[in-house]
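A.B. asks:
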Amino acid sequence: MFPETRMRRLRRTPNIRRMVQDIQLNMNDYIYPIFVVEGEDIKKPIVSMPGINQFSLDHLLEEVQRAVDAGVIAIMLFGIPAHKDDCGSEAYNDDGIIQKAVRLVRANYPDLVISTDVCMCEYTDHGHCGIIKGETVDNDSTVALLAKIAVSHAKAGADILAPSDMMDGRIGAIRDALDDAGYEDVIIMAHSVKYASGFYGPFRDAAESAPHFGDRKSYQMDPASGTRQALQEVELDLAEGADMVIIKPSLAYLDLIATTYDNTLVPIVAYNVSAEYSMVKAAAANGWIDEKTIVLEIMNAFKRAGAKMVITYHAIDLGNWLKEEQ
Numbered sequence: 197m198f199p200e201t202r203m204r205r206l207r208r209t210p211n212i213r214r215m216v217q218d219i220q221l222n223m224n225d226y227i228y229p230i231f232v233v234e235g236e237d238i239k240k241p242i243v244s245m246p247g248i249n250q251f252s253l254d255h256l257l258e259e260v261q262r263a264v265d266a267g268v269i270a271i272m273l274f275g276i277p278a279h280k281d282d283c284g285s286e287a288y289n290d291d292g293i294i295q296k297a298v299r300l301v302r303a304n305y306p307d308l309v310i311s312t313d314v315c316m317c318e319y320t321d322h323g324h325c326g327i328i329k330g331e332t333v334d335n336d337s338t339v340a341l342l343a344k345i346a347v348s349h350a351k352a353g354a355d356i357l358a359p360s361d362m363m364d365g366r367i368g369a370i371r372d373a374l375d376d377a378g379y380e381d382v383i384i385m386a387h388s389v390k391y392a393s394g395f396y397g398p399f400r401d402a403a404e405s406a407p408h409f410g411d412r413k414s415y416q417m418d419p420a421s422g423t424r425q426a427l428q429e430v431e432l433d434l435a436e437g438a439d440m441v442i443i444k445p446s447l448a449y450l451d452l453i454a455t456t457y458d459n460t461l462v463p464i465v466a467y468n469v470s471a472e473y474s475m476v477k478a479a480a481a482n483g484w485i486d487e488k489t490i491v492l493e494i495m496n497a498f499k500r501a502g503a504k505m506v507i508t509y510h511a512i513d514l515g516n517w518l519k520e521e522q
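Here the working numbering is used: the first residue of the sequence shown is 197, the next is one more, and so on.
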């Protein structure tokens, strides 16, 4: 008790604070998302996501180099095709936009970790994450196509596949398809706990993936659902062969990152989603907050809750800030 115990002793100088701090931000733990679009000479700003752009293939490596210069060692690619149809056929086209992007990056950056989004919403003309039957997404026919997409991405050279659709049974189907095709070493980073959230709005601008009717509440999780449902989703994905699990969104769901950390042994990935990013950018642009201070604090929160990795649009800024501090 005070005065024998004085907690401020451990905070007295910067070096003492560094010695006792538990959280160390390291660029090895961050994944930078990049949006790739068909066409030429395209570098299209996403108005709702300041600092983020769509890139055509002829500009993609410029952005990859910018990330590498900041210390990023892993990226996540999202593709926007020129042609969309009701079955998202460009998603599993071996010469599709994402497949070409993976091959291009792999040829020029052989050591960079490349992850891809395995979903159909960017590729369907209706904007939903699978095959529509009636007025809903049919689970089992969608799963078959997701497995096909996964193999196509692995064939192109992806290291990590991130299924984000939230169909039941898709992790097992993808794992089986990868193994059968000889891609046993490709990692599955499952969007295991993904909510039907209002925090995705700017992403849908960037990925051009807003649903043209209805919403995604019948397959993504209800934000009001309990912790037990989230843990069940994680348990099922791990049983089917997932190597890592994503909690998405993350900032408003830190409790689930912590609970998942306490109940599993696999790496947990926080997805710091588009609106979480854009809110910080908007507040900083208005002079209401110090952007660097806030972003570092958010990243500390993810790590403190138990996230091993973070997918974040802040990654390049973060890398440059950490270099300044070192």
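From the three backbone atoms N, C-alpha and C, an ideal C-beta is built for every residue, glycine too.
#1: May I ask which residues mark the beginning and end of the alpha helix (DSSP H) holding Q295?
#2: Identify whether M417 lies in helix, strand or coil by the three-state DSSP scheme.
#3: Drop a sphere of 10 angstroms on the beta-carbon of L461, count the other beta-carbons inside from all chains shown, and report buried for 16 or more, exposed for fewer.
#4: Assuming the contact rule is C-beta atoms closer than 8 Å, A358 and I512 should be a hit. Round their C-beta distance to whole Å, please.
#5: Tell me which same chain residues have a C-beta within less than 6 Å of the C-beta of A354, skipping the five on either side of it?
#6: Return the Cβ separation of R371 and E472 in integer angstroms, given the expectation that the two are a contact with Cβ distance under 8 Å.
#7: Apart from the five residues on each side of it in sequence, which residues of its chain come closer than 6 Å, Cβ to Cβ, to F231?
#8: Candidates S252, D411, I227, P229: which alpha carbon is nearest K239's?
#9: Measuring alpha carbon to alpha carbon, tell me which of I383, E493, H322 ends up nearest G410.
#10: Going by beta carbon distance, what residues of the same chain come within less than 8 Å of K488, once the five residues before and after it are set aside?
#11: Do the CB positions of S405 and E318 come within less than 9 Å of each other?
#12: Counting only runs of 4+ residues fully inside the segment 468 to 513, write out the alpha helix (DSSP H) ranges in chain order.
#13: Just to confirm the assignment, what range does the alpha helix (DSSP H) spanning Q428 have?
#14: For L447, is the classification buried or exposed, using 16 other Cβ atoms within 10 angstroms of its Cβ as the cut-off for buried?
#15: Does the distance from the CB of T456 to the CB of V441 come in under 9 Å?
#16: Grab the span of the beta strand (DSSP E) containing T312 for me, first residue to last.
#17: I'd like to know if the segment 416 to 435 and the segment 476 to 491 are in contact, where contact means that at least 3 CB-CB pairs between them fall below 8 Å.
#18: Quick one, which of H255, R208, V233, M245 has its alpha-carbon nearest Y396's?
#19: Does D375 come out as helix, strand or coil in the three-state DSSP assignment?
#20: Is it right to say E429 is buried, meaning 16 or more other beta carbons lie within 10 angstroms of its own, or is it exposed?
#21: Express the C-alpha separation of N222 and I345 in angstroms, rounding to a whole number.
#22: Less than 9 Å between the beta carbons of Y228 and M272, yes or no?
#23: Considering only C-alpha positions, which residue in the set D218, K329, P277 is nearest to E234?
#24: On the DSSP bridge assignment, give the partners of G275 in chain order.
#25: Reducing DSSP to helix, strand and coil, say where K351 ends up.
#26: Taking the beta carbon of F498 as the centre, do at least 16 other beta carbons fall within 10 Å, making it buried, or is it exposed?
C.D. replies: The structure says:
#1: 293 to 304
#2: The three-state reading of DSSP puts M417 in strand, counting E and B together.
#3: exposed
#4: No, A358 and I512 are not in contact; Cβ-Cβ is about 20 Å, not under 8 Å.
#5: V298, I310, T312
#6: Going by Cβ atoms, the distance from R371 to E472 rounds to 30 Å, so no, they are not a contact pair.
#7: Q250, F274, A402
#8: S252
#9: H322
#10: D513, W517
#11: yes
#12: Counting whole runs of 4 or more residues, the segment 468 to 513 contains the alpha helix (DSSP H) stretches 470 to 481, 487 to 501.
#13: 423 to 436
#14: buried
#15: Taking the C-beta atoms as reference points, V441 is found nearer than 9 Å to T456.
#16: 309 to 314
#17: no
#18: M245
#19: helix
#20: buried
#21: In this structure, the CA atom of I345 is about 32 Å from the CA atom of N222.
#22: yes
#23: Out of D218, K329, P277, the CA that lies nearest to the CA of E234 is found in P277.
#24: Partner(s): V232.
#25: Under the three-state reduction of DSSP output, K351 falls in the helix class.
#26: buried
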